[in-house]
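For reference, the structure discussed in these notes is given below.
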């Protein structure tokens, strides 16, 4: 016994962590080995004991009992895997950003088909275009293919249903908008399919639809355009334009998405090139050496590379001339007649610059996706710049030998001189789909899980600290202290949990605090509201343990009371505490997600499993965009179910009465 | 018994006062000045005022409103006592909860007294129905599982109950809306009744039932998990009592053993749970009401929180706390009634 006491005092010097470690060691491996250290039994003696009966510590028994439960072992593996996934997973997503939003990628179905160009046109490709969730490809033989997420939101339209007339015709030009496709065949017929409710194609009367710039009536009704005169066909968000070689254009679409549609349409000056950003039609006029939008002050500042300082357009161009332009969503890249490239528009800070050219290297052609530009030079080098969230800029080596590169949206296809696709890179698709803001649900689940689990864990730690201290003091000292603390516990347990948590976080939420402070506050609210159960449990256990002989012995030796409560009794009740902690952890995660679901917890754009489901509180989303609620729900459900199974099994195997009955 | 109840009621009263005072303090953290807003609005409606005049008018009104709302002092305790109605305001009037002044709802533009009854009625109806349904299912199911412990059916139910209590209410609600409204088209996704139609008699009841069916099913389903587990556990405990062995040894029929001997012993923890759960359901249905667009207390509370309608929230909070405290009292009394071994006046 005196040796035991020595052990105790020496461990005090070693500090808190050693003590905690020892508790855990005792919990799982028993304290027999500790005794061995200073009370060695001879080997023969030990062997004889082993022959008679193997003595295991209660904790070891619990451990073995737990291992015997296959379901519980599976559950604990799942929980550990989930932990690893949400805490290690974000490290593999360096490009992930909470606030990332993408208008063109809203509500996309789960799938990885956005870059799966069909084989029959992959060897003979002429052009590829994409603006929204799907891509269209045109082969040199005039065949059309559509791939990606082709079902358009709630409209019930599937753009993969290519009209028969288009399938039979020899298509020469093909372009895709956000939810429509325009094609022109060799006879000059203009076809459109997809969504036509907002003027994407077809004839709309100007007086009845003031916000639509209609397609010319004759073309909509089957009149032909002269194919030989067409220079290019371009589609924007919900607008399209046919540019003629003589600089005239036929342009139509939704004026709400492009406010300068009228201005461009009415402008009689011949234009060289035209393209669509997300909100503006941009073009180069033949006489004016600048980017024309019909609005003053747009695209007047230019830079030679993304990391350079801006200069005025006039200064940058000097006496050179703009040959062509290529628009991304917020910015425009343009090519000058001496093979230099310039960029104009808004860039976010995380965008990657192009890098330096070799001497005498000239840009041959630029192709742009939504947020990136691919630049090919006369030396065959391929440069890329812009946003790299989906790996659009990771140009493979093979692409250097390409004849030209087709960049659309978030994908790039390198094509050789025979029209065969050599390699492709960029966004394959979203494995769990996207939400209403165009955010990748998979990435948000991983990052949101981190937040949900952190909140649950910290809340449980807070609640267990309060609960253990109150329970130990109350149980050990008894009397007036006990009565007082139990009254306080009763007050706290009388608080109706969800309403109170709601009110607290709503009120605290309206205070001018930082986001992180508010999240910490939510953890505190959850912790402060859940400690009462644990306090009662610990008190009960301590009440029993207080009468045990080892406590009497410790008392007789003159050990301080507080030390007996926390150092002698607490380690003996820690197994019961662990079970409660496990179950409380699941409970706190659920409460956090309930709060966030109602909008009173963590608020978007920061994701948690709860507020990811917040989007699913309306019937349209529940019935049409199942992936937006199903995947976060599955992750949340699996995690809490498994944690509860682990907690339940622990409780069962720790209860000797329950064990014998089983 | 009477003395015990009185003592508990007194204790309850103290807790209620402490909690409501704490809440009152928290509300006062929120930077909102109702007197200022009201005075400002009223001045704005008056026309033909020079800036000086309007300023003077504003100051006058501001003071008046501060007196009216009892906010003319910074002493939180005084404000609290005025709100309760045990201390007069600057004019010497007692206007507080005790005088029946529950405040004014800015969202509904009506006194709180008039705002609360309709939602409360709905909530109580929904909760009573779902409690009856849940008890009707869980008690027989729990008993059956306990009696056939370890059987395939028991394990099957066990899996379901663990899933049931691990899933948050809103998740089950989403799942049910998707399944029953979107896929099967059996029930409407939200609402209390068919809009724009005035029905009476049987048709009215049928319409209500049609709209309330899915919320009720969801609520019942959510409570199945924990209830069944609890009934099963206490029934297993009761079945292992010595008296059961004796009864069986004496040759009492198994049915009698289960329902007369074991169930009555198992009833004690069940009663605790049922009452506690019935009371907690007032806050539990918060989620359901919100999801199905039912005009209940929970819905009212969330709307009020979103619109910062603090008079309503305060009253609701007091209501919830009162319910919880009453629940504790009823549980203790019920304990004494069900279990003759427990004497509550001790």
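Chains as they are written, first to last, in my numbering: chain A, 37 to 698; chain B, 233 to 578.
Each residue gets a CB set at the ideal place from its N, CA and C atoms; glycine is no exception.
In this text the structure is predicted, and so the values were computed from the model without any measurement.
I need the boundaries of the beta strand (DSSP E) containing residue i, first residue and last residue.
i, result
"residue 399 of chain A", "399-404"
"residue 311 of chain B", "Segment 308-316 is the alpha helix (DSSP H) holding residue 311 of chain B; no beta strand (DSSP E) there."
"residue 605 of chain A", "Unbroken run through residue 605 of chain A: none, as it is neither H nor E."
"residue 163 of chain A", "161-166"
"residue 447 of chain A", "447-451"
"residue 444 of chain A", "440-444"
"residue 267 of chain A", "266-271"
"residue 290 of chain A", "285-290"
Relative to the C-alpha of residue i, which residue among the options is closest?
i, options, result
"residue 546 of chain A", "A:408, A:635, A:199 and A:675", "A:635"
"residue 414 of chain B", "A:393, A:685 and A:654", "A:654"
"residue 407 of chain A", "A:372, A:382 and A:398", "A:382"
"residue 457 of chain A", "A:557, A:288, A:388 and A:164", "A:164"
"residue 189 of chain A", "A:205, A:512 and A:170", "A:170"
"residue 285 of chain A", "A:264, A:307 and A:291", "A:307"
"residue 505 of chain A", "A:247, A:587 and A:598", "A:598"
"residue 391 of chain A", "A:240, A:588 and A:420", "A:420"
"residue 262 of chain B", "B:540, B:348 and B:433", "B:540"
"residue 124 of chain A", "A:260, A:204, A:482 and A:344", "A:482"
"residue 356 of chain B", "B:385, B:334 and B:517", "B:517"
"residue 375 of chain B", "B:364, B:537 and B:390", "B:390"
"residue 323 of chain B", "B:311, B:330, B:300 and B:337", "B:300"
"residue 578 of chain A", "A:475, A:508 and A:524", "A:508"
"residue 544 of chain B", "B:480, B:521, B:501 and B:344", "B:344"
Does DSSP put residue i in a helix, a strand or coil?
i, result
"residue 499 of chain A", "helix"
"residue 412 of chain B", "helix"
"residue 754 of chain A", "This structure leaves residue 754 of chain A out entirely; chain A is present only between 37 and 698."
"residue 178 of chain A", "coil"
"residue 470 of chain A", "strand"
"residue 576 of chain B", "Low confidence applies here, because residue 576 of chain B scores a pLDDT of 48, under 50, leaving its location unreliable; read the following figure in that light. Residue 576 of chain B falls in the coil class under three-state DSSP."
"residue 260 of chain B", "helix"
"residue 234 of chain B", "helix"
"residue 432 of chain B", "coil"
"residue 659 of chain A", "helix"
"residue 646 of chain A", "helix"
"residue 323 of chain B", "coil"
"residue 223 of chain A", "coil"
"residue 341 of chain A", "coil"
For residue i and residue j, I'd like the C-alpha separation in whole angstroms.
i, j, result
"residue 299 of chain A", "residue 330 of chain A", "6 Å"
"residue 408 of chain B", "residue 525 of chain B", "15 Å"
"residue 92 of chain A", "residue 684 of chain A", "22 Å"
"residue 394 of chain B", "residue 458 of chain B", "8 Å"
"residue 44 of chain A", "residue 610 of chain A", "With a pLDDT of 47 at residue 44 of chain A, under the threshold of 50, the modelled position of this residue cannot be trusted; read the value that follows with caution. Distance between the alpha carbons of residue 44 of chain A and residue 610 of chain A: 18 Å."
"residue 48 of chain A", "residue 241 of chain B", "Annotation note: pLDDT 49 at residue 48 of chain A (below 50); position unreliable, coordinate value reported separately. If I take the Cα positions, the gap works out to 48 Å."
"residue 244 of chain A", "residue 257 of chain A", "18 Å"
"residue 446 of chain B", "residue 419 of chain B", "7 Å"
"residue 426 of chain B", "residue 275 of chain B", "43 Å"
"residue 565 of chain A", "residue 502 of chain A", "10 Å"
"residue 139 of chain A", "residue 561 of chain B", "56 Å"
"residue 347 of chain B", "residue 641 of chain A", "35 Å"
"residue 422 of chain A", "residue 365 of chain A", "11 Å"
"residue 360 of chain B", "residue 424 of chain B", "17 Å"
"residue 177 of chain A", "residue 131 of chain A", "39 Å"
"residue 578 of chain B", "residue 570 of chain A", "Note on residue 578 of chain B: pLDDT 42, under 50, position unreliable in the model; no value is reported."
"residue 269 of chain A", "residue 276 of chain A", "8 Å"
Could you spell out where the alpha helix (DSSP H) holding residue i opens and where it closes?
i, result
"residue 431 of chain A", "Counting along the chain, residue 431 of chain A falls outside any alpha helix (DSSP H), and DSSP gives it neither H nor E."
"residue 534 of chain A", "533-545"
"residue 536 of chain B", "529-538"
Given 8 Å as the limit, is there contact between the stretch 666-677 of chain A and the stretch 620-631 of chain A, that is, 3 or more CB pairs closer than that? yes
Any contact between the stretch 517-528 of chain A and the stretch 583-593 of chain A? By contact I mean 3 or more CB pairs, one from each, below 8 Å. no
Count the C-beta pairs between the stretch 240-254 of chain A and the stretch 201-211 of chain A that are closer than 8 Å, then say yes if the count reaches three, no if not. no
When you compare the stretch 530-540 of chain B with the stretch 530-543 of chain A, are there three or more beta-carbon pairs, one atom per stretch, that lie closer than 8 Å? yes
Touching or not, the stretch 655-663 of chain A and the stretch 526-536 of chain A, by the rule of three or more beta carbon pairs under 8 Å? no
The stretch 451-469 of chain A in contact with the stretch 151-159 of chain A per 3-pair CB rule at 8 Å: yes
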